[in-house]
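>
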Amino acid sequence: MAQVLLEKVTKVYPGGVRAVDGIDLAIGDREFVVLVGPSGCGKSTTLRMIAGLEEISTGTIRIGERVVNDVPPKDRDIAMVFQNYALYPHMTVYKNMAFGLTLRTLPGPLWRITHPGESRKLRAGIDSRVREAARMLDIEHLLSRKPRQLSGGQRQRVALGRAIVREPAAFLFDEPLSNLDAKLRVTTRAELKRLHQRLKTTTIYVTHDQEEAMTLGDRIVVMNDGVIQQADTPLNTYNRPVNRFVAGFIGMPPMNFFDGTLRASGGGLSFEEGPPPGRSPAGRDGAIGPAPGAQETVSSGPPELTLPPERFTLPMAQLSPGALARLGKWVSKNVVLGVRPEHLHLRPPAGELADAREGGVEFAPMRTTVNVIEPLGNDMDVYFKTSLHDPVVARVEAQSGLRVDAAATLYVDLRKVHLFEPGETGMNLSLETTSPATEPAHAIA
Ligand code: ADP
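Taking our numbering, I'd label the letters of the sequence shown as residues 486 to 930.
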């Protein structure tokens, strides 16, 4: 078992594509780390560089104590599992699992003839490792089958088994569940997690699926454009995203972003929907798209015909002292409010109202119009619009009484909102403390 260390690792492909841009990452011994991000963000390239399947342009990769920059893949003591299983079609399951071990453990045929006793002992060792892995993965009954006689899920288990028998220093997984149907993906995901709890082998796992990342990883590394945005525990990336990119990538449905202005009010701060006066709401950095019905009072036409849109204002009543100090210089400037769909309520939760009466404002109203209702069973996703933002999605308990095109008041849980700098990767200004996004998770308080 081993830790894996990446120092200033960069990959520039021929033709100039900078797929990975100077990343630093320390993966601890026994840790399960998931690299996640949208397609093209550089996660597979990172994994392939660790595996030795892709040369690194600059930087250093260590596995254990050893710098492996120039070590061929077969000597890196890692086992990789691919999306397409990569099984040998003409070999049985048993042979697929044993083959790599046989190659590594047993010297050539002449040695086997001259050392029959040792050869037998090594073969017995390989046999017990294959059978133990097969037992663990519940594929003992398939050992004599060929891959074409297996389902997708069974093939993936064989690929896993082949990795397990190697007892490597680290497992590398490249989207291993992508070819499975949704139900099988969920059950195999749980099995992978159990397997890691049992084997405790350092694991680096690539996926584009944020839910898979959240459920599997001890730590998840969110990447974008070849750069690590945040390397942190799943809950921290959800509760304390360091920037708008992470906030929007982690969580489903994604976080709602509102373009607006920070105001000083009554000794505190408030967020006012829409840009500072004199600026057009659409097309600016940080804006989330054209704002329907958005019109400034200074627009052309008689003033009595162009009513200003009814912007919502929310008191920022729950900011920490650190955030308040940082936000001082953002007063009267454009900021972006982030609210997760699950933090918009159709009424303030009953149990929480008492707290609200005692301890300041915790839920504040936002006036909206209902656009679309999507029932999900127990819950429903409701798409709303405000005067400047469309769509705004809320995940609420299934209930009747909402009508499309009718007005509705949403209650924003002020304890859970975020304020970001404008821009795709705008920093989260409302965290108690901020750290550079590439620092390891535990450094982000
Ligand atoms: P991800 O796994 O996050 O989808 P990749 O690591 O596969 O992303 O790719 C990162 C970037 O590098 C993308 O822009 C991709 O087009 C580019 N890329 C990947 N492989 C090659 C290659 N062999 N040659 C040139 N560019 C590549």
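We treat Cβ as the ideally placed atom computed from N, Cα and C, and that holds for glycine. As the structure is a computational prediction, the values presented were derived from the model and not from experiment.
To test your reading of the DSSP string, which unbroken beta strand (DSSP E) runs of 3 or more residues are found completely within the stretch 879-913?
Fully enclosed beta strand (DSSP E) runs of 3 or longer: 892-898 and 903-905.
> Tell me whether A891 is buried or exposed, calling it buried when 16 or more other Cβ atoms sit within 10 Å of its Cβ.
So A891 ends up on the exposed side.
> Do you know offhand how far R880's Cα is from P739's?
Taking the straight line from one Cα to the other gives about 11 Å.
> Tell me whether S524, by its Cβ, gets closer than 7 Å to a heavy atom of ligand 1.
Because some heavy atom of ligand 1 lies under 7 Å away, the Cβ of S524 counts as near it: yes.
> Compare the beta carbon distance of R605 and I624 with 8 Å and say whether it is the shorter of the two.
No. Outside cutoff.
> Using a Cβ-based criterion (distance less than 7 Å to any ligand heavy atom), does Y498 qualify as near ligand 1?
Result yes, Cβ under 7 Å from ligand 1.
> Please report the residue range of the beta strand (DSSP E) in which L491 lies.
First-last of the beta strand (DSSP E) with L491: V489 to V497.
> Check whether the Cβ atoms of T746 and S663 sit closer than 8 Å, and answer yes or no.
Cβ atoms of T746 and S663: not closer than 8 Å.
> Restricting to Cα atoms, I'd like to know which of F584, R704 and R825 is closest to V877.
The candidate whose alpha carbon is nearest that of V877 is R825.
> Assign P860 to one of three DSSP states: helix, strand, or coil.
Three-state DSSP puts P860 in a strand.
> By a C-beta neighbour count over all protein chains shown, 10 Å radius and 16 as the cutoff for buried, is E847 buried or exposed?
Looking at its Cβ environment, which holds 16 or more other Cβ atoms inside 10 Å, E847 is buried.
> Within the same chain, show all residues whose beta-carbon is closer than 6 Å to that of T798, passing over the 5 residues directly before and after it, in chain order.
S755 and E757.
> So, helix, strand or coil for I689, using DSSP?
Strand.
> Return the chain-ordered list of same chain residues with a C-beta closer than 7 Å to the C-beta of D509, the five sequence neighbours on each side being excluded.
If we look at D509 and ignore the five residues flanking it on each side, its Cβ neighbours are L491, E492, K493 and T923.
> Just how far apart, CA to CA, sit S872 and S542?
Rounded to the nearest angstrom, the two C-alpha atoms are 50 Å apart.
> Does K606 come out as helix, strand or coil in the three-state DSSP assignment?
The answer is helix: DSSP assigns K606 an H, G or I state.
> According to DSSP, is S755 helix, strand or coil?
In this structure, S755 counts as strand in the three-state DSSP scheme.
> Using CA atoms only, rank isn't needed, just tell me which of G646, H600 and L665 is closest to S613.
The candidate whose alpha carbon is nearest that of S613 is G646.
> Give me the DSSP bridge partner(s) of Q715.
Answer by DSSP bridge pairing, in chain order: V707.
> To the nearest angstrom, report how far apart A776 and R551 are at their CA atoms.
Note that A776 scores a pLDDT of 40, beneath 50, so its modelled location is shaky and nothing firm can be said.
> Comparing C-alpha positions only, which one of L532, V518 and E909 sits nearest to V731?
That would be E909, whose Cα lies nearest to the Cα of V731.
> Closest to Q695 by CA distance: which of Q488, L588, Y896 and G522 is it?
The shortest C-alpha separation from Q695 is found at G522.
> Are there 16 or more other CB atoms within 10 angstroms of the CB of G768, so buried, or fewer, so exposed?
For G768, the pLDDT reaches just 40, beneath the cut-off of 50, and the residue's location in the model is therefore unreliable, although a value from the coordinates is still provided. Exposed, since its Cβ has fewer than 16 Cβ neighbours within 10 Å.
> Is DSSP giving P800 helix, strand or coil here?
P800 falls in the strand class under three-state DSSP.
> Could you check the C-alpha separation between E540 and V821 for me, to the nearest Å?
E540 and V821: Cα-Cα distance of roughly 40 Å.
> Note the first and the last residue of the continuous beta strand (DSSP E) segment covering N819.
Counting along the chain, the beta strand (DSSP E) containing N819 begins and ends at N819 to V824.
> Taking E660 as the reference, which of A698, R679, H681 and K631 has the closest Cα?
Measuring from the Cα of E660, the nearest candidate turns out to be A698.
> Can you grab the Cα-Cα spacing for the pair R630 / R597, in whole Å?
Cα to Cα, the separation comes out at about 27 Å.
> Indicate whether P653 and A564 have their beta-carbon atoms separated by less than 8 Å.
Against a cut-off of 8 Å, the Cβ pair of A564 and P653 comes out as a contact.
> Starting from L812 and walking both ways along the beta strand (DSSP E), at which residues does that stretch end?
Segment P806 to L812 is the alpha helix (DSSP H) holding L812; no beta strand (DSSP E) there.
> Taking only runs that begin and end inside the stretch 623-665, name each unbroken beta strand (DSSP E) of 3 or more residues, in chain order.
Those beta strand (DSSP E) runs which fall completely within the stretch 623-665 and span 3+ residues are 655-659.
> In angstroms with no decimal places, state the Cα-to-Cα distance between E603 and N581.
The straight-line gap from Cα to Cα measures roughly 23 Å.
> On the CB-based measure, 16 or more other CB atoms within 10 Å of its CB, does P760 come out buried or exposed?
So P760 counts as buried.
> Can you tell me which of the three DSSP states T531 falls into?
Note: T531 maps to helix in three-state DSSP.
> Cβ of T530 within 7 Å of any heavy atom in ligand 1?
Result yes, Cβ under 7 Å from ligand 1.
> Along the chain, where does the beta strand (DSSP E) containing M576 start, and where does it finish?
No beta strand (DSSP E) holds M576; DSSP gives it neither H nor E.
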